[in-house]
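**Q**
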Amino acid sequence: MTELSLKVPAVGSAAETPRATGGREVFLPRDARRQTVFSTLRERLRWPLGIYTTPFVVLIAWEALARAGVLAKTYAPAPTSIVKSAVDLWQQGVLGPDLAISLQRAGIGLAIGLTVGIVTGVLGGLLRSGEYLFNGVVQVLNTIPLLAVLPLMIVWFGIDELTKVLLISFGAGVPMYLNLFAAIRGVDQRLIEMTRTTGAGTWRLVTRVLVPGALPGFLVGLRFSLAYSVLGLVAAETVNADKGLGFLITQGQTYLQTNQVFVGLVIYSLLGLLADQFVRVLERVLLRWRPSYEAA
Amino acid sequence: MSATVAPHSTRPRRQAGAVAEKVIRRFGDRVVLDHLDLTIADEELVVLLGPSGCGKSTLLRLLAGLDRPDGGRVEVPAKRAIVFQADRLLPWQRVLRNVTLGLHGPDADRRARDVLAEVGLAGREKAWPKELSGGEAQRVSLARALVSEPELVLLDEPFAALDAITRLRMHDLVRALRSKHHAAMLLVTHDVDEAIALADRVVVMSNGRISTSHLVELSAADREASIAREELRSALLEDLGLANQH
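Residue numbers (the working numbering), protein chains in the order written: chain Z, 528 to 823; chain V, 749 to 994.
1. Whole angstroms is fine: what's the gap from alanine 754 (chain V)'s alpha carbon to aspartate 785 (chain V)'s?
2. Can you find the residues in the same chain that come closer than 6 Å, C-beta to C-beta, to arginine 774 (chain V), ignoring five residues on each side of it along the sequence?
3. Report the residues of the stretch 804-826 of chain V with a CB closer than 7 Å to any CB of chain Z, ordered along the chain.
4. Going by CA-CA distance only, name the one from Z:Gly779, Z:Ala802, Z:Trp816 that's closest to tyrosine 602 (chain Z).
5. If you reduce the DSSP assignment to three classes, tell me which class isoleucine 794 (chain Z) lands in.
6. Using a Cβ-Cβ cutoff of 7 Å, what residues of the stretch 891-905 of chain V are near chain Z? List them in chain order.
7. Which full runs of the beta strand (DSSP E) of 3+ residues lie inside the stretch 802-858 of chain V, going along the chain?
8. In whole angstroms, what is the alpha-carbon distance linking valine 847 (chain V) and arginine 655 (chain Z)?
9. Does the CB of alanine 727 (chain Z) have a neighbour CB from chain V at under 7 Å?
10. Quick one, are the C-beta atoms of leucine 694 (chain Z) and glycine 759 (chain Z) less than 7 Å apart?
11. Does DSSP put threonine 563 (chain Z) in a helix, in a strand, or in coil?
12. Rounding to the nearest angstrom, what Cα-Cα distance links serine 501 (chain Z) and valine 649 (chain Z) in this structure?
13. Sort Z:Leu800, Z:Pro606, Z:Val738, Z:Gly550 by Cα distance to valine 646 (chain Z) and report the nearest one.
14. Starting from the beta carbon of glutamate 810 (chain Z), find every residue of chain V whose beta carbon is closer than 7 Å, and list them in chain order.
15. Out of V:Arg836, V:Arg858, V:Ala856, V:Leu900, point me to the one whose CA is closest to leucine 880 (chain V)'s CA.
16. When we look at the beta-carbon of glutamate 552 (chain Z) and count the other beta-carbons within 10 Å, is it buried (16 or more) or exposed?
17. Tell me the rounded alpha-carbon separation between valine 863 (chain V) and alanine 976 (chain V).
18. Grouping DSSP H, G and I as helix and E and B as strand, with all else coil, what is glycine 765 (chain V)?
19. Would you say the stretch 918-930 of chain V touches the stretch 795-806 of chain V, given that touching needs at least three Cβ pairs under 8 Å?
20. Within the continuous alpha helix (DSSP H) that includes isoleucine 711 (chain Z), where are the two ends?
21. Can you name the residues of chain V whose CB is closer than 9 Å to the CB of tryptophan 730 (chain Z)?
22. Excluding the five sequence neighbours on either side, which residues of its own chain have a C-beta within less than 8 Å of the C-beta of valine 940 (chain V), listed in chain order?
23. What does alanine 829 (chain V) reach in chain Z if we use C-beta pairs closer than 9 Å?
24. Please tell me whether methionine 680 (chain Z) has its Cβ less than 7 Å away from any Cβ of chain V.
25. Determine the closest residue to valine 771 (chain V) out of V:Thr960, V:Arg971, V:Gly956, with distance taken between C-alpha atoms.
26. Which residues in the same chain as arginine 859 (chain V) place their Cβ atom closer than 7 Å to its Cβ, once the five residues preceding and following it in sequence are excluded?
27. Run through DSSP, which three-state label would leucine 985 (chain V) get?
28. For lysine 770 (chain V), does the three-state DSSP call read helix, strand or coil?
29. With DSSP collapsed to three states, give me the class of arginine 949 (chain V).
30. Find the nearest neighbour of aspartate 782 (chain V) within the set V:Leu966, V:Leu807, V:Val767, judged by alpha-carbon distance.
31. I believe glycine 657 (chain Z) touches glycine 651 (chain Z) by the beta-carbon criterion, under 8 Å. Please report the beta-carbon distance rounded to the nearest angstrom.
32. Let me know the secondary structure DSSP gives arginine 557 (chain Z) once reduced to three states.
33. Indicate whether serine 756 (chain Z) and glycine 698 (chain Z) have their beta-carbon atoms separated by less than 7 Å.
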């Protein structure tokens, strides 16, 4: 007995080798681990890139290949030269107005789409009659691809701003309605029941239970709306435009200015990233109560 | 049965905390409540004991007004509150706002603070529900029920999900709160010891009716350990059909 118990490593003496011995594991505080030069160095230099590691690596490789002459300039110009042409375009006074007009379209389209989506989503979520009124229509609209509506919109509204704005708002409104509706209906029935028993009125039920309870779903809807509105922006601008980012890209394509095409694409992707970051900030502020609102 | 209903009163019974008369409730073909009669006197704590699935929670939901009977009559005070088995706190509201959910008026916050202090959670008003332990969360839901000064408090196995030590603490808390809040209480449980620890009267449910009723007139010490306690315990176990196992 005694010999057997001696073989088992005592917790205190195992500080130097916190490895499993004989099918046992020992857990110690992290700072009790032996400090090697390597581990201190690793703690100093924490990996700063996070989720942007792969994009960064791709960029570096791209730049290297372009400089080495593997990638043709008309095919995929080096990232640095894309940045350079963006600066050039800006200094020529082309990029600024194009970006402004695109942002204006996206802004107006989003405003209309989100307003309609939120109002109908709230009515549909809260009221049975609202559900009957809107749900069928939106479900049908949801099955129609955004790009397939474009020809019809051009026939109806011409090739002016109206078509572009409406396409963007269509892209933004539908996902907002669907997510908001599902979110309001998805609020825990037991919480609604509990609220009724406390003697709280309908106003309290809506403001303290249904609205905050539907907020996570609303933010999901917002994410989709922003993404689809950028999609609508691209579609609307690429098909018919004489100014805007889409025009910039089409023009670049026509004159084989691949740099210019890439500048447009990069700006679109930056808009998407910006929208995503915006929703992330909203989530951080509005969903503090959630135990797992953010994994990383 | 110890009926506290005055014989002449057929209309309003002010003195009664809650009355259920010949209540029937069916779910499809299954008759869950079969002409059930139950009267809870003012400031009386009745413990409703029964095996799971016997209709305890159905009766409680009828008294709460969350469900309607298929027959008979239920009369309860308009000012009533429920403590559910799960705490059912709104995760997106801090503790204080959870307690003031059904409250109106300028002194709502102060009243909520007072009740939170009574349940031993002074200083935790700003906590999120996710930061509370199970016992703390159930205390908050108790505070939420008591803050409106109800005349009837319905408790649906409120301590079933808590560990044994926390449950004993909660029993002490319920006893302390009863001396301050003068409300009739109905506590549903399947724990015989909990029933003996808290009840003024224990009613046992079987076959959709109240089968037996035991008045508990024991001192606090006698409830812990005494011959009368053991007799009551074995009587309750017999009522539940568990007598052979002891």
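For glycine and all other residues, C-beta sits at the position ideal for the given N, C-alpha and C.
**A** Result, derived from the coordinates:
1. Below a pLDDT of 50, predicted positions are generally treated as unreliable, and alanine 754 (chain V), at 42, falls in that range; no measurement from the model is reported.
2. Counting only Cβ-Cβ distances below 6 Å, and skipping sequence neighbours, we find Asp818.
3. Taking 7 Å as the cut-off between beta carbons, the residues of the stretch 804-826 of chain V near chain Z are Ala812, Leu814, in sequence order.
4. Put simply, of Z:Gly779, Z:Ala802, Z:Trp816 the residue whose alpha carbon is nearest the alpha carbon of tyrosine 602 (chain Z) is Z:Gly779.
5. It is helical.
6. Per Cβ criterion, the list reads Arg892, Ser896.
7. Fully enclosed beta strand (DSSP E) runs of 3 or longer: 819-823, 828-831.
8. If you draw a straight line from the Cα of valine 847 (chain V) to the Cα of arginine 655 (chain Z), it comes to about 30 Å.
9. Yes - at least one Cβ of chain V is within 7 Å of the one on alanine 727 (chain Z).
10. Taking 7 Å as the cut-off, the beta carbon of leucine 694 (chain Z) is found closer than this to the beta carbon of glycine 759 (chain Z).
11. Collapsing the DSSP output to three states places threonine 563 (chain Z) in coil.
12. Only positions 528 to 823 of chain Z appear in this structure, which leaves residue 501 (chain Z) out of reach.
13. Distance check between valine 646 (chain Z) and each of Z:Leu800, Z:Pro606, Z:Val738, Z:Gly550 places Z:Val738 closest, using alpha-carbon atoms only.
14. Going along chain V, no residue has its Cβ under 7 Å from glutamate 810 (chain Z), so there is no contact; the nearest lies around 13 Å.
15. The residue with the shortest Cα to Cα distance from leucine 880 (chain V) is V:Arg836.
16. Per the 10 Å Cβ criterion, exposed.
17. Straight through space, the alpha carbons of alanine 976 (chain V) and valine 863 (chain V) are spaced by roughly 35 Å.
18. Strand, per DSSP.
19. Remark: fewer than three beta-carbon pairs, one from each stretch, lie closer than 8 Å, so the stretch 918-930 of chain V and the stretch 795-806 of chain V are not flagged as touching.
20. Unbroken alpha helix (DSSP H) run through isoleucine 711 (chain Z): 688-712.
21. In chain order: nothing, as chain V lies at least about 10 Å away.
22. For valine 940 (chain V), the CB contacts under 8 Å within the same chain, skipping 5 residues up- and downstream, are Leu797, Arg981, Leu984, Leu985, Leu988 in chain order.
23. Close partners of alanine 829 (chain V) in chain Z (Cβ separation under 9 Å): Thr724, Thr725, Gly726.
24. It does not; no Cβ of chain V falls within 7 Å.
25. Taking only the C-alpha atoms, the option nearest valine 771 (chain V) is V:Gly956.
26. Taken in chain order, the residues that qualify are Leu851, Val895.
27. Reduced to three states, the DSSP call for leucine 985 (chain V) is helix.
28. If DSSP states are grouped into helix, strand and coil, lysine 770 (chain V) belongs with the strands.
29. Strand at arginine 949 (chain V).
30. Aspartate 782 (chain V) has its Cα closest to that of V:Leu807, out of V:Leu966, V:Leu807, V:Val767.
31. Contact flag correct, Cβ pair sits at about 4 Å.
32. Looking at arginine 557 (chain Z) - three-state DSSP - the assignment turns out to be helix.
33. For serine 756 (chain Z) and glycine 698 (chain Z), yes; Cβs fall inside 7 Å.
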